[in-house]
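A.B. asks:
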Amino acid sequence: MFKEQRKPDLTLLFVILILLTAGIVMVYSSSYVWSEYKYDDAFYYLKRQLLFAGAGVVAMFFFMVIPYYTWKKYANIILIICFALLLLVLIPGVGLVRGGAQSWIGVGAFSIQPSEFMKLGLIIFLAAILSANQKYITSFKKGFFPCILLIFTAFGLIMLQPDLGTGMVLVLTCMIMVYTAGARLTHFFGLAALGMLGFVGLIASAPYRINRITAFLNPWEDPLGDGFQIIQSLYAIGPGGLMGLGLGNSLQKYFYLPEPQTDFIFAILGEELGFIGGTAVILLFLLLLWRGIKISLEAPDLFGRFLSLGIAAMLAVQAMINISVVIGLIPVTGITLPFLSYGGSSLTLTLCSVGILLNISIYSKI
């Protein structure tokens, strides 16, 4: 079943490289003003992004040549390591606090974000157990509940940091995997009711989350406080018009939109490249999702199908949430835009994930 190999999905690879190149260009364009001010080096973020991208591309091609079914053998070990990292980051003195979240572990001059590892680790583990026990997924006790318990245990640890954005991506991705495995809709309806209560509880337990909701509903009520970031994001996208102000000509990166090279890089892209540039990026993500679904449908075994679907869904969900935040459709969550936003472990793990997806495409009938 695994002897016949083909070339990897070149369309998918082409899309990834385009997004990655666009990300490098936009990281520099959006950050050089802030880099010059903060580090006296206009190329500070660009140099680091090039380093992350280079390491990520090497890792992508490395993962691309490892037969994807190898990961099934080590799914348990991978998940244990991911849970250990999530616990480690919560230890005072070990976990680093940035932006109010204790989500990083320092490693020399760099840092890693364990929640990023958990996203991929849980996808691999879920793909393994769903492929081995799909016949039980319609049973609440034997199939559905164990999966949900595992997902929300990981979500709970991520929320202790707290990191609602990453937690949302993880939960939505895993729910897509469980649903496509054949879980009953009635089980999801019951879970949705409990989830709504839990979501209300999470919001009520932290005043800053309530402030984000009110800022989303009416950001102009507190334009210099909680509504500041979304207002500046909309001020960036609005003047972009159809063609944009031109690459490098953003005004919002001049200390209006805070650290625009991270979560709100799509706002700068929209300002400089306009509706056409923003639409092109969205279409590239849709093309990536389509190729991921196609690879999943043509994968030679259930593990490959669930694994490729999980990776494609993770990237699509994260992109959808990030762009929705930037254009004001949902409250601020604090997650990066895959391939485009500045980031170390986020970008590297994303490229590792698509490396696995490309390997599955080698064995798929596409």
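Counted from 1, the sequence shown has number 34 at position 34 by UniProt numbering; the numbering is strictly sequential.
Yeah, the Cβ is synthetic: ideal placement off N, Cα and C, and Gly gets one too.
What you are looking at is a predicted structure, and each value in this text was computed from that prediction instead of being measured.
Under 8 Å: do the region 331-346 and the region 138-158 share three or more Cβ pairs, one atom per stretch?
C.D. replies: No, the region 331-346 is not in contact with the region 138-158.
A.B. asks: What are the uninterrupted segments assigned as alpha helix (DSSP H) that are 4 or more residues long and contained completely in the region 82-157, given in chain order?
C.D. replies: Correct list: 114-132.
A.B. asks: So, is the C-beta of T173 closer than 7 Å to a C-beta in chain D?
C.D. replies: Included in the structure is just one protein chain, with no chain D present.
A.B. asks: Any chance you could list the alpha helix (DSSP H) runs of at least 4 consecutive residues sitting entirely within the region 276-361, in chain order?
C.D. replies: Fully enclosed alpha helix (DSSP H) runs of 4 or longer: 302-326.
A.B. asks: Around the C-beta of F189, are 16 or more other C-beta atoms found within 10 angstroms, so that it is buried, or is it exposed?
C.D. replies: It counts as exposed.
A.B. asks: Find the nearest neighbour of I237 within the set E221, E271, K119, judged by alpha-carbon distance.
C.D. replies: Looking at the Cα atoms, E271 is the closest of the given residues.
A.B. asks: Can you tell me which of the three DSSP states L160 falls into?
C.D. replies: Correct three-state label for L160: coil.
A.B. asks: Judging by CA-CA distance, which residue of G334, T180, A267 is the nearest neighbour of L307?
C.D. replies: Residue T180 is the option with its Cα nearest to L307.
A.B. asks: Can P258 and I268 be called in contact, C-beta distance under 7 Å?
C.D. replies: In this structure, I268 does not lie closer than 7 Å to P258 by Cβ.
A.B. asks: Tell me whether the beta-carbon of F63 lies closer than 7 Å to the beta-carbon of G292.
C.D. replies: No; because the gap between Cβ atoms is not below 7 Å, this pair is not in contact.
A.B. asks: Ends of the alpha helix (DSSP H) at E36?
C.D. replies: Element bounds for E36: 10-39.
A.B. asks: Hey, L347 and A53 are a contact pair by Cβ (cut 8 Å); roughly how many whole angstroms apart?
C.D. replies: The pair is a contact, with the Cβ atoms about 6 Å apart (cut-off 8 Å).
A.B. asks: Look at the alpha carbon of F140 and the alpha carbon of A55, and state the distance between them as a whole number of angstroms.
C.D. replies: If I take the Cα positions, the gap works out to 42 Å.
A.B. asks: Given C352, which residues of its chain have a CB within under 6 Å of its CB, disregarding the five upstream and five downstream residues?
C.D. replies: A59, F63.
A.B. asks: Here's the rule I'm using: 16 or more other beta-carbon atoms within 10 Å means buried, otherwise exposed. How should I77 be labelled?
C.D. replies: Under this definition I77 is an exposed residue.
A.B. asks: With DSSP as the reference, label K72 as helix, strand or coil.
C.D. replies: Helix, per DSSP.
A.B. asks: Is it buried or exposed for G121, if we count other Cβ within 10 angstroms and need 16 for buried?
C.D. replies: By the neighbour-count rule (16 or more Cβ atoms within 10 Å), G121 is buried.
A.B. asks: For I129 versus G310, is the C-beta distance shorter than 7 Å?
C.D. replies: No. Outside cutoff.
A.B. asks: Starting from L50, trace the alpha helix (DSSP H) both ways and give me its first and last residue.
C.D. replies: Note, L50: alpha helix (DSSP H), 44-65.
A.B. asks: Go through its chain and collect everything with a Cβ distance to V178's Cβ below 6 Å, but skip five positions before and after it.
C.D. replies: These residues qualify, in order along the chain: C147.
A.B. asks: Just checking, does the region 277-284 make contact with the region 12-19 on the three C-beta pairs under 8 Å criterion?
C.D. replies: As far as the Cβ criterion goes, the region 277-284 touches the region 12-19, which means the pair count is three or higher.
A.B. asks: So, with DSSP's three-state summary, where would you put Y363?
C.D. replies: Looking at Y363 - three-state DSSP - the assignment turns out to be helix.
A.B. asks: Taking the continuous alpha helix (DSSP H) assigned at A181, which residues delimit it?
C.D. replies: Note, A181: premise wrong, no alpha helix (DSSP H); not H, not E.
A.B. asks: Cα separation between L194 and G241?
C.D. replies: Distance between the alpha carbons of L194 and G241: 42 Å.
A.B. asks: Leaving out the 5 sequence neighbours to the left and right, which residues in its chain are closer than 6 Å to V326 when beta-carbon positions are compared?
C.D. replies: Around V326: S233, F264, F266, A267.
A.B. asks: Quick check on the DSSP output: the alpha helix (DSSP H) that includes Y235 runs from which residue to which?
C.D. replies: Here the alpha helix (DSSP H) through Y235 covers 228-240.
A.B. asks: Taking all protein chains shown into account, decide if M196 is buried (16 or more other Cβ within 10 angstroms of its Cβ) or exposed.
C.D. replies: That one is exposed.
A.B. asks: Which of the three DSSP states is assigned to P219 in this structure?
C.D. replies: Note: P219 maps to helix in three-state DSSP.
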